[in-house]
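K.L.:
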Amino acid sequence: MHVGDFEGAMQQFCHTIGVISPSMVIRKFLDAQRLQFLTVYLEALHARHLANADHATLLLNCYTKLRDTDALDRFLRAPDVPLDVQVAMDVCRRAGCTEQAAYLAQTHEIHDIYLNIQLRDKLDPKAALAYLETLAPSDVMDYFPPCARLLLEAEPEATADLLVRVYADSSDSKVTLLPSMLSHFVGHERTLERFLERIRTAKRDRHELVLVHDTLIELYLKHAPDKALAILESHDDVTPYTPSSALVLCQDASYTPGLLCLYERLGMVDAIYEHWVHAHEAGDAEAPRQLLQMLEKFGTSETHLYVSTLAFFTSSSDLLEAHITDVERMLAYIETHALLSPSEVVQLLGRNSVAPMSLLTPYLMKHVHNERTELLSAQKLVASYREEAQTKQAEIAALQSLDEPRVFQHHECGLCNQPLELPAVHFMCRHSFHFRCLPEGEAARECPICADEHKTVRALRDPSMLSSLDMVLEEVHAAEDGFDVIADMFSKELTLFS
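So for the sequence shown, this note's numbering puts the first residue at 87; every next one is plus one.
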């Protein structure tokens, strides 16, 4: 062997494997000009299965520096290589061997490194998307966020397709967090719009559907307000949204049809009225007609609108002249339902010189006529009561008179309903009974039919009874449960009118 015969020396060193420490040999051949000989030694070391992870990394460095990609591919695909995968990928990426680095990442399922290689090293977003398609939905949501911006910029439609599939097909809790998905679309509103349109039919809970439609309303208001209005006008469970949020969005966008729709849905009738009043002031010729339609639609439940609308149509001569029939109808409704007193109507119409007396005169005349009719009816009623009182007073006087004869015309007993037979008893209340049908003792001195009424009257007139009632009420109010007190009284057979 000659001096400088590195090839021959390496052949001899290969025969010493297992005898001489590999580190001694490796140090002799670390020079860049001797890497090809070091590669031979390291390959032999691996062939005898005596290499470790450091030897494998060193061999990788030799292959990459020698640009021997074929040998590098064979080595990476060989079985039982003691390889530190993370270090190996770093070595390959630094050397520009991105295919080999991607192979390692894919083989060992290191998803984030693989995606990073495809997007940042190889600039191949389609390959990254194709790889994401092979992952489970939960894994997609784990590894997609760092790639979202690059993927949406390079392949917006394909990226949206991927997210639609993940969202629609998965029941994993990670992909039900729709807000985290939406955050990736910042700066890609049209892509977000198409994504939301496609997931509207996916089976998700109501909360997520509300979020989808709230976001679509916001997007549509910028370029397709008619689509936003279609959502706002829907009331079914298929298209739920947050009315209060939509109201703010429509206000910010100054979208009048949406505002009117939401005012109606939220029951903000006064806001609708104010809108059309301001529209009239701004010169909208349709405003008066819209106010009349609003009154027709909501006036029955919101009767105060009649007063407000009457004030509006009597605020100018032009309005009153064009809608005199409508004003008369409003006055009739206000009168029929007593929404205002005549003095309030006069005050309302008299606040300016617009309403003529010819408008107010029929209303006042009708009111006076009605008042006069009611007065006559009241007078007739008073007269009938007076006549009835006089009749009753005459009857009382007759009952109190000992000289006034009393005719009893009942022919049947008030208790047994059989024809009266002597001996019979007649009471001054004009009820008649067989003597044998009457109870014995003091009870026979009182008409059995009127006895209960008399008993109630006597009880109400008895001061001691009123005192007893007060005591009972005090006891009930003082108790935690008044029903227990009353139940206890009944259990003791306590009666108030005894």
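Even for Gly, the Cβ is constructed at its ideal location relative to N, Cα and C.
Can you list, in chain order, the residues of its chain whose CB lies under 7 Å from that of T389, leaving out five sequence neighbours each side?
P.N.:
Counting only Cβ-Cβ distances below 7 Å, and skipping sequence neighbours, we find H423, L425.
K.L.:
So, with DSSP's three-state summary, where would you put V511?
P.N.:
In this structure, V511 counts as strand in the three-state DSSP scheme.
K.L.:
Restricting to Cα atoms, I'd like to know which of P442, L445, M227, T193 is closest to S269.
P.N.:
When only C-alpha atoms are compared, the closest one is M227.
K.L.:
Which residue's Cα is closest to the Cα of C183: D198, M443, Y149, P374?
P.N.:
Of the candidates D198, M443, Y149, P374, the one whose C-alpha sits nearest the C-alpha of C183 is Y149.
K.L.:
At a cut of 8 Å, does the segment 338-345 reach the segment 306-315 through at least three beta carbon pairs?
P.N.:
Output reads yes: the segment 306-315 touches the segment 338-345.
K.L.:
Buried or exposed: which applies to T287, given that a residue is buried once 16 or more other Cβ atoms fall within 10 Å of its Cβ?
P.N.:
Exposed, by the Cβ-count rule.
K.L.:
Classify F230 as helix, strand or coil using the three-state DSSP reduction.
P.N.:
In this structure, F230 counts as coil in the three-state DSSP scheme.
K.L.:
According to DSSP, is H366 part of a helix, a strand, or is it coil?
P.N.:
DSSP places H366 in helix when its eight states are reduced to three.
K.L.:
Hey, how far is the Cα of S584 from the Cα of E526?
P.N.:
Only weak support is given to the placement of S584: the predicted model assigns it a pLDDT of 42, under 50, and the value that follows is read from those uncertain coordinates. In a straight line, the C-alpha of S584 is about 19 Å away from that of E526.
K.L.:
Under 8 Å by Cβ, that's how I've got L152 and T125 pegged, so tell me the actual separation to the nearest angstrom.
P.N.:
That pair is a contact at about 7 Å.
K.L.:
Taking the beta carbon of R179 as the centre, do at least 16 other beta carbons fall within 10 Å, making it buried, or is it exposed?
P.N.:
Its Cβ being crowded by 16 or more others within 10 Å, R179 is buried.
K.L.:
Would you mind stating whether L249 and L205 have Cβ atoms separated by less than 7 Å?
P.N.:
In this structure, L205 does not lie closer than 7 Å to L249 by Cβ.
K.L.:
Under the rule that 16 or more other beta-carbon atoms within 10 Å means buried, what is L450, buried or exposed?
P.N.:
Answer is exposed; the Cβ neighbour count stays below 16.
K.L.:
Does the beta-carbon distance from P329 to R292 come in below 7 Å?
P.N.:
No; because the gap between Cβ atoms is not below 7 Å, this pair is not in contact.
K.L.:
Taking all protein chains shown into account, do 16 or more other C-beta atoms lie within 10 angstroms of the C-beta of D495, making it buried, or fewer, making it exposed?
P.N.:
For the record, residue 495 in the displayed sequence is Gln; it is not Asp. Burial call: exposed.
K.L.:
Which residue's Cα is closest to the Cα of L238: V272, L201, H366?
P.N.:
The option with the nearest alpha carbon to L238 is V272.
K.L.:
Let me check understanding here. Comparing Cα to Cα, which of I285, L501, A484, C499 lies closest to V493?
P.N.:
Among I285, L501, A484, C499, the Cα nearest to that of V493 belongs to A484.
K.L.:
Using beta-carbon positions only, say whether S403 and V431 come within less than 7 Å of one another.
P.N.:
Result no, Cβ atoms of S403 and V431 do not sit closer than 7 Å.
K.L.:
Pick out the complete alpha helix (DSSP H) segments inside the segment 413-497, 4 residues or longer, and give them in chain order.
P.N.:
The segment 413-497 contains these whole alpha helix (DSSP H) runs: 428-435, 443-486.
K.L.:
Quick check: the segment 471-482 against the segment 497-507, are at least 3 beta-carbon pairs closer than 8 Å?
P.N.:
At 8 Å Cβ cutoff, the stretches do not touch.
K.L.:
Output needed for R351: all residues of its chain with C-beta closer than 6 Å, excluding positions within five of it in sequence on either side, in chain order.
P.N.:
Counting only Cβ-Cβ distances below 6 Å, and skipping sequence neighbours, we find P329.
K.L.:
When you compare the CB positions of C515 and C502, do they come within less than 7 Å of one another, or not?
P.N.:
No.
K.L.:
Find the nearest neighbour of G344 within the set H366, Q379, L307, judged by alpha-carbon distance.
P.N.:
It is L307 whose Cα lies nearest to the Cα of G344.
K.L.:
First and last residue of the alpha helix (DSSP H) that includes F271?
P.N.:
Segment: none, F271 is in no alpha helix (DSSP H) and carries neither H nor E.
K.L.:
Using a threshold of 6 Å, is the CB atom of D170 nearer than that to any non-hydrogen atom of the ligand NAP?
P.N.:
In terms of ligand content, the structure shown is empty, and the ligand NAP therefore cannot be addressed.
K.L.:
Excluding sequence positions up to five away, which residues of its chain have a Cβ less than 8 Å from the Cβ of L378?
P.N.:
The answer, listed in chain order, is T395, H409, D412.
K.L.:
Where does S402 sit, in a helix, a strand or coil, going by DSSP?
P.N.:
Coil, per DSSP.
K.L.:
Within the same chain, show all residues whose beta-carbon is closer than 6 Å to that of N138, passing over the 5 residues directly before and after it, in chain order.
P.N.:
The residues are P168.
K.L.:
How would you label P491, buried or exposed, when you count the other beta carbons within 10 angstroms and need 16 or more for buried?
P.N.:
By the 10 Å Cβ count, P491 comes out exposed.
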